[in-house]
Amino acid sequence: MGEFNVHRVRFFNYVPSGIRCVAYNNQSNRLAVSRTDGTVEIYNLSANYFQEKFFPGHESRATEALCWAKGQRLFSAGLNGEIIEYDLQALTIKYAVDAFGGPIWSMAASPNASQLLVGCEDGSVKLFQITPDKIQFERNFDRQKRSAIGKMLVDRQYMGVSKRKCIIWGVAFLSDGTVISVDSAGKVQIWDSATGTLVKNHLVSNADVQSIAVSPQEDSFVVGTAEGTVFHFQLVSVTSSSSEKQWVRTKPFQHHTHDVRAVAHSPTALISGGTDTHLVIRPLMEKVEVKNYDAALRKITFPHRRLVSCAKKKQLLLFQFAHHLELWRLGSTVATGKNGDTLPLSKNADHLLHLKTKGPENIICSCISPCGGWIACSTASRFFLYRLNYEHDNISLQRVSKMPVFLRSALQILFSEDSTKLFVASNQGSLRVIRLQEGGFTHPRAFQPQSGTVQSMCLLAVSPDGNWLAASGSSAGVHVYNVKQLKLHCTVPAYNFPVTALAIAPNTNNLVIAHSDQQVFEYSIPDKQYTEWSRTVQKQGFHHLWLQRDTPITHISFHPKRPMHILLHDTYMFCLIDKSLPLPNDKTLLYNPLPPTNESDVIRRRTAHAFKISKKYKPLLFVDLLDEKTLVAVERPLDDIVAQLPPPIKKKKFGT
Amino acid sequence: MADLEEGFALTAVPLGSGPDGPLGVEQSGKTDQFLVTDSGRTVILYKVSDQKPLGSWSVKQGQIITCPAVCNFQTGEYIVVHDNKVLRIWNNEDVNLDKVFKATLSAEVYRIHSIQGTEPLVLFKEGAVRGLEALLAEPQQKIETVISDEEVIKWTKFFMVFRHPVLIFITEKHGNYFVYVQKFNSRILSKYTLLLGQEEKCVIQSFSTSVGRKFISLMSLSSDGCVYETLIPIHPSEPEKNQRLVQSQLLKSVVSGSARNGVALAILDQDHIAVLGAPLPASKECLSVWNTKFQTLQTSKELPQGTSGQLWYYGENLFMLHGKFLTVVPFKCEVSSLAGALGKLKHSQDPGIHATPHFVNWETSQGCGLGSQNSEQSKRILRRRKVEVSVQPEVPASTQLLATIQKDSEKHIEVELRKFLATKRTPDFHTIIGDVIIGLLGRCKAEPSFYPCNCLMQLVQTHVLSYSLCPGLMEFALEKTDVQILQLCLQQFPDIPESVTCACLKVFLSIGDDTLQDTDINMESVSDYMDPVQDGEMEEQTAFLQNGFSPEEDNCDSCAQKLKEKPQAAADESTSCPVTPKRAALFRNAVLHSAYSETFLLPHLKDIPAQHSTLFLQYLYFLYLKCSENATMTLPGTHPPTLSQIMDWICLLLDANFTVVVMIPEAKRLLLSLYKFVKSQISICSELNKIEVSFRELQKLNQEKNNRELYSIEVLELF
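The following block contains the structure:
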């Protein structure tokens, strides 16, 4: 397969934000996660836990509560005192309503999901009616009446109530009148609301118990502590014969190093997240019917989208952070070596630019043109386009000031291979092309929208010859447009799982699509059908270990000289597929970390298969081929992230 | 993707029934065994995997079976109806159907239904339904007419909806179809009129149902060759009113519209149905599997020798008549995905290399489900007796044993008990053992001379008992100061109350050495480190102390100076065991291992006399010193108490008796050494904590060194 010089990059100093809230929706089997920077992410638990949507964060919009109501409508509330509803189709914020009670600390939907309750800083609890397209203030309960609402309609309500030195971090109100509280003294207490008596007290931690979630059946609940432990409680019969049941602490899980700020309980799994930025989904073995790979623990750390773009010719990398972009130039070497060698650098990597966006909004997407001459990025309300000029070692940067009115925000940006066109996917499914010229742009033109769609496109791919543009939304199929005619050319048959990455191969114009269930398809755009290779792969099926990978493929690219080679990567491996070789079946070894030693070429050729996998670099945020002999791999070691987190609660190792 | 495997014919006996096919195929009590009822006179029990019949029964010449034989899953008996009104019940051992139990009913039977988990139901041709038990109690009872004149039952099915039995039957009258749903939990009979969706009048040829969350889905195959679906609410809004059900078309032209016979339908799972019939007017009959979700034909199999339009479906097997023989076609339906339905093979092969991790299911407590079947069983036995009078009713061995206990001699009980324990264990074994012990204890109380020590020991050693199963046992043993049984109980029972544990401890402490000498105690765990020399009396071992010098005491502080007055004794304490091995075994095996809660144990510990608690403390301290002799801080032997168990007990004893212990002169030395020990522990911990901080810094430095290389160019070969 060949030798590569790999630029191993570890200077992308990316730190995910801590998780603040999680909310599970049973109806759609989706999970909403909010982070401390205000980002809200939607994970589809049915689609291999793929992060299918996200709403960019905002500095002033720290979310403190997140909940689903009225079926699949998502609301959040936070320290700016606003209640926000998200538009899950258009990927925008539908509206924000001020509750006029100061920062909001908690929010809950009534059991019939028609009303929304928020708990405010001033101690009031406010009730909103959920109307089909908005929410409407209904009534206000002040401090003294707080107990009354509990009885009225609250199923579950979280509030930070201060009780001398002990803070109750969370409360759950069950339909049988049981109240469960978790507090800063490390206690989980079970109360009887009718008599107001303490039924049971579990001391689970030396530190705070910060979160609680009850299963929909109310037969089990989960709490998370500041020590990173998650405890599972279950309602278990006291003896085999009697119907009397009591809450028993059954299982402890330690998957976090820091505070578990949020927990959720799906019918089959415990979900937790916190300051250490990991989202952990722990299936309950007794609830999982088929003991397959889906029953395994999932730990999601990195976003399922690309934060790095690359200008291959100039060997430039653009890194996207929440509020700034960084541009780096890779170094070089003149030395050669054999497998495993680290080569001496003749020139180190340079940090060329630090580009800070103004305003409180997070960057949604960014891209550098293949020639390195343009950088584009977008927040929720502003679009930025920069022109870069390179003179020897100096770089000058110029912002293109007059942007068209419609270009206020983009979900995805892409430059054409010759850097003359810019493709922009915005909300409401609109897709535009802009012709770039020295010092500006002309001809903003829109692609004909699909009739009736409001589905926003999240992924774009353009063919190297510039003739075809492929675009995919979060659920609908992939659409291929003719760039010259600005018309839809064809639509790839819909598939059950969302698309995670797209790319169009040079020369052949084959569209390669990776799905969240780890299937990869190759579709010929000129022929409007799946390629022969893709059919063969589907017929034979992927290797089971390939299908069991638990992170999605986030980037696909091609070998510039060998049209049979496809490069794909997820967080823990990258793979060069050689379409000319036979496919591996379940009996062959998919990944062999050891180089072939003492093996004759015959054996090697016989056991060779199409999937050349390397797991040397991980966790991977980006891999691409710079030229036929050079790879770039952007790694983000977990230790580096941990080093930037606040220290965890110190547990004494010796003595008590 | 659905897949029909190669079928095989159950060839042993050709069905002499001609084109009508068999009357029915029903499951028997065992998996893989099926009852096939010929439309003539014969019922055959087949074992499908072996492709051979296990039994065959026929009615007399002149009689004719009118309703397929079913198995009563609760008793394992088979039931059949011949000549419309005569009910026969038999089991595997019976040979001649003429001689088995017979009941003549007052009305004509349409079908008998039997499914797992409930008693069989008899559906009469007039639409009335009776449970089998109620019917057999009074066979000649009057059977009411439910359906109107000229209404004929066409099809019927019995199934469980949320653990409640539901019977559905469909009648026809002048081309109109009516659906009756009988629910047995509420005794509600709902009647629906089935509105046919299609234009022209069509005859429905086959039905099949499946149960959903809120609806029963009724599928029908019409003579126009289309499959229609009808949803019947499980909880009707107005059950009494005659309601209408609308059919909706599900699949078009599944079979040829002109086919008049040989058409049948079965729902395989929520997405798949099996259809039997000719797809084209001229073609041969086929068995095909359709995907209803994607409306695609999944697979099909030709039946060149013709079939009868009957299709049965159990588990993973489809049964149909092919030519003269009943044929079994195993099939597989996998969860349908678009890719699968359209022909792309979804990779679903289970590599089977993932060992499922072991986990505890907290929701099913271990003892549940016991004896739930017993009551039903005994009820069934009654009728069996009526049928086979000659057979001596079998008295359970446990009942016999319980009777033996009440009157026989100790020797005899022992023999019987051994016999009982040797037999196979039933699910309620542990409750029986509990009952036996309670029986024995009851007799002990009544007859003071009766004390079946060996029996009790044997019973306790069955490993199935707990304190709550035989509440009186430990109290009784305490009364008798039978340390042997107490030791066993403490080892075996998981749920001993703290008061009893403490009472045992008291007995162990107070029992005289001479009595202990005579009893047989399991000393397995202490034999490893108890010096045989120490057995019996404690000998002063001063050999390795020279001139009264003990190196340990060099760094004692002032309060410990007093110790020097009795240096020999102090040294003694650290080297020799303060109690006899037998007593040690009692403490170690039994008491230290038992579960307790501090709050409940403390008040009882307070009652222990000061001398005894000092002795126990000394022993614990001795164990601690033994522990600290090796690096792993463990004791030798099998199941030794852990260091934390020892420390917990020391703390508990001190907490409970501190004020008393402090006053006793003998305890002074012990307290001083404990104090010294705690002090040194505290200083060690603080030192360790200090070291930990510096180690962490070192670790950080090390990490930084590894990660400093933020950028490198490496050579990688992909192969």
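From first to last, the protein sequence lines stand for chains A and B.
Heads up: the first sequence at position 298 corresponds to 327 in our numbering, and the numbers run straight through without jumps.
Heads up: the second sequence at position 164 corresponds to 315 in our numbering, and the numbers run straight through without jumps.
Heads up, the beta-carbon is just placed ideally off N, CA and C, and yes, glycines get one too.
Open item on the list: For residue 383 of chain B, which residues in the same chain have their Cβ closer than 7 Å to its Cβ, ignoring the five residues on either side in sequence?
Closed with: 330, 332, 343, 366, 367, 369, 396
Task: Cβ separation of residue 46 of chain A and residue 66 of chain A, assumed to be a contact under 8 Å, to the nearest whole Å - done: 4 Å
Task: Short Cβ contact (9 Å threshold) for residue 634 of chain B with residue 662 of chain B - done: yes
TODO: Could you tell me the distance, in whole angstroms, from the CA atom of residue 43 of chain A to the CA atom of residue 543 of chain A?
DONE: 25 Å
Task: Among B:175, B:394, B:179, B:211, the one whose alpha carbon lies nearest that of residue 871 of chain B - done: Here chain B comprises residues numbered 152 to 870, so residue 871 of chain B is not present and cannot be evaluated.
Task: Neighbour flag for residue 864 of chain B against chain A, beta carbons, 9 Å - done: yes
- [ ] Evaluate residue 851 of chain B with the Cβ neighbour count: other Cβ atoms within 10 Å of its Cβ, from every protein chain shown; 16 or more gives buried, anything less gives exposed.
- [x] exposed
- [ ] Give a yes or no on whether 9 Å exceeds the smallest Cβ distance from residue 242 of chain A to chain B.
- [x] no
TODO: Go ahead and label residue 830 of chain B buried or exposed: buried means 16 or more other beta carbons lie within 10 angstroms of its beta carbon, across all protein chains shown.
DONE: exposed
Task: Span separating the alpha-carbon of residue 558 of chain B from that of residue 623 of chain B - done: 20 Å
- [ ] Leaving out five residues on either side along the sequence, give the residues of the same chain with a beta carbon under 8 Å from the beta carbon of residue 569 of chain A.
- [x] 612, 614
TODO: Taking residue 550 of chain B as part of the alpha helix (DSSP H), name the residues at either end of that continuous run.
DONE: 548-558
TODO: Please name the residue, chosen from A:440, A:452, A:674, A:473, that lies closest to residue 434 of chain A on a Cα-to-Cα basis.
DONE: A:473
Open item on the list: Measuring only the C-alpha atoms, how far is residue 309 of chain B from residue 152 of chain A?
Closed with: 58 Å
Task: Inter-residue CB distance, residue 238 of chain A and residue 212 of chain A (contact presumed, cutoff 8 Å) - done: 6 Å
Open item on the list: Against chain B, with Cβ distances strictly below 9 Å, would residue 34 of chain A count as a contact?
Closed with: yes
Task: 6 Å CB neighbourhood of residue 147 of chain A in its chain, flanking five on each side removed - done: 106, 128, 133, 136, 155
Task: Cut-off 6 Å between Cβ atoms - residues of its own chain near residue 189 of chain A, not counting five sequence neighbours on either side - done: Annotation note: pLDDT 43 at residue 189 of chain A (below 50); position unreliable, coordinate value reported separately. 134.
Task: Three or more C-beta pairs below 8 Å linking the stretch 347-356 of chain A and the stretch 375-393 of chain A - done: yes
TODO: Please classify residue 423 of chain A: is it buried, with 16 or more other beta-carbons within 10 angstroms of its beta-carbon, or exposed?
DONE: exposed
Task: Through-space distance from residue 655 of chain A to residue 664 of chain A, alpha-carbon basis - done: 16 Å
Task: First and last residue of the uninterrupted beta strand (DSSP E) at residue 615 of chain B - done: No beta strand (DSSP E) holds residue 615 of chain B; DSSP gives it neither H nor E.
Open item on the list: Please tell me whether residue 217 of chain A has its Cβ less than 9 Å away from any Cβ of chain B.
Closed with: no
TODO: Classify residue 526 of chain B as buried or exposed, calling it buried when 16 or more other Cβ atoms lie within 10 Å of its own Cβ.
DONE: A caution first: residue 526 of chain B carries a pLDDT of 41, below 50, which makes its placement in the model too unreliable to give a value.
Open item on the list: Going by beta-carbon coordinates alone, are residue 403 of chain A and residue 417 of chain A separated by less than 9 Å?
Closed with: yes
TODO: To the nearest angstrom, report how far apart residue 666 of chain A and residue 647 of chain A are at their CA atoms.
DONE: 7 Å
Open item on the list: With a threshold of 9 Å between beta carbons, is residue 749 of chain B in contact with chain A?
Closed with: no
Open item on the list: Distance check for residue 853 of chain B and residue 846 of chain B, CA to CA, integer angstroms please.
Closed with: 10 Å
Task: Reduced DSSP secondary structure (H/G/I, E/B, other) of residue 54 of chain A - done: strand
Open item on the list: On the DSSP bridge list, what partners appear for residue 102 of chain A?
Closed with: A:98
TODO: Give the secondary structure of residue 698 of chain A by DSSP, where H, G and I count as helix, E and B as strand, and everything else as coil.
DONE: Examination of residue 698 of chain A is not possible in this model, given that chain A is present from 30 through 685 alone.
TODO: Report yes or no: do the stretch 74-91 of chain A and the stretch 508-528 of chain A share at least 3 C-beta pairs separated by less than 8 Å?
DONE: yes
Task: DSSP three-state assignment for residue 812 of chain B, whether helix, strand or coil - done: helix
- [ ] Give the range of the alpha helix (DSSP H) segment to which residue 764 of chain B is assigned.
- [x] 761-778
Task: Local Cβ density within 10 Å of residue 315 of chain B, reported as buried at 16 or more and exposed below that - done: exposed
TODO: With 9 Å as the threshold, decide whether the Cβ of residue 360 of chain A is near any Cβ in chain B.
DONE: yes
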